[in-house]
Structure formats: C-alpha cells, structure tokens
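Engineer:
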Amino acid sequence: MNKLKLKFLVDVLMFFSFLTTAVSGFVLWLVLPRGSGRAGNVFIFFRETWLLIHDWFSVLLVILILFHLVLNWGWIKSVFKISFGKRN
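Residue numbers (this note's numbering): 1 to 88.
1. Helix, strand or coil, according to DSSP, for Phe15 in the structure here?
2. From the DSSP output, in three-state form, read off Phe45 for me.
3. Comparing alpha-carbon positions, which option in Trp50, Trp75, Leu69 and Gly35 lies nearest Ala22?
4. Identify whether Gly85 lies in helix, strand or coil by the three-state DSSP scheme.
5. Does the Cβ-Cβ distance between Ser24 and Ile53 come in under 7 Å?
6. Looking at the structure shown, is Gly35 part of a helix, part of a strand, or coil, going by DSSP?
7. So, are the CB atoms of Ser17 and Phe57 less than 7 Å apart?
8. Which whole-angstrom value describes the C-beta separation of Val42 and Val27, a residue pair presumed to lie in contact below a C-beta threshold of 8 Å?
If you want it as structure tokens, here you go:
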C-alpha cells in the first residue's frame, strides 16, 4: 500500500473513531448519565457496553492520531521551519 492510500485509510478510520467516540459520549452524558437509574438498554446496548465502546474507540483514536502525526511528520517539520525559521 502506498503512503497516500495509507494516509487516507488512517484519516477515514480517525473520522469514524471520532464519530463513534462522540456519539457514545453524548449517549452516556445525555441519555444514560451516571446515577440516573436507567438500567434498560438504549439503541440495543446497556450503559456498560456504551462505556466499553466509548473507552476503546477513544484509545483507538489516540493511537490513530499518533500514527497520523508520524505519517505527516515531514510536513509538520516543514511548516514549523517555514513559520518559525530565521528571518532576514
């Protein structure tokens, strides 16, 4: 797989991981807050399952962000060099 396709794949996975983390976070915050007494399932999952989904997709997102930074490190260095380099 060439680098461009790998970057695209990482970006798509980051997007879906972020979306899953955000949706599960909103469900946990607004629909199933801690101590609410709601023991039933929401959108086919119980609160504990939502917590697992939220936690693991958050971990995946952090890993993908680090991988994204590694893949784009050359560009990041170039931008910093241009932006903060010596000026005449």
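Where is the CB? At the ideal position from N, CA and C, for every residue including glycine.
Structural biologist: Straight from the coordinates:
1. When DSSP states are grouped into helix, strand and coil, Phe15 belongs to the helix group.
2. Three-state DSSP puts Phe45 in a strand.
3. Minimum Cα distance to Ala22 is reached at Trp50.
4. Of the three classes helix, strand and coil, the one that applies to Gly85 here is coil, per DSSP.
5. Here Ser24 is near Ile53, since their CB atoms are less than 7 Å apart.
6. Here Gly35 sits in coil by DSSP.
7. In this structure, Ser17 sits near Phe57, with a CB-CB distance shorter than 7 Å.
8. Under the criterion of beta carbons closer than 8 Å, Val42 and Val27 qualify as touching, at roughly 6 Å.
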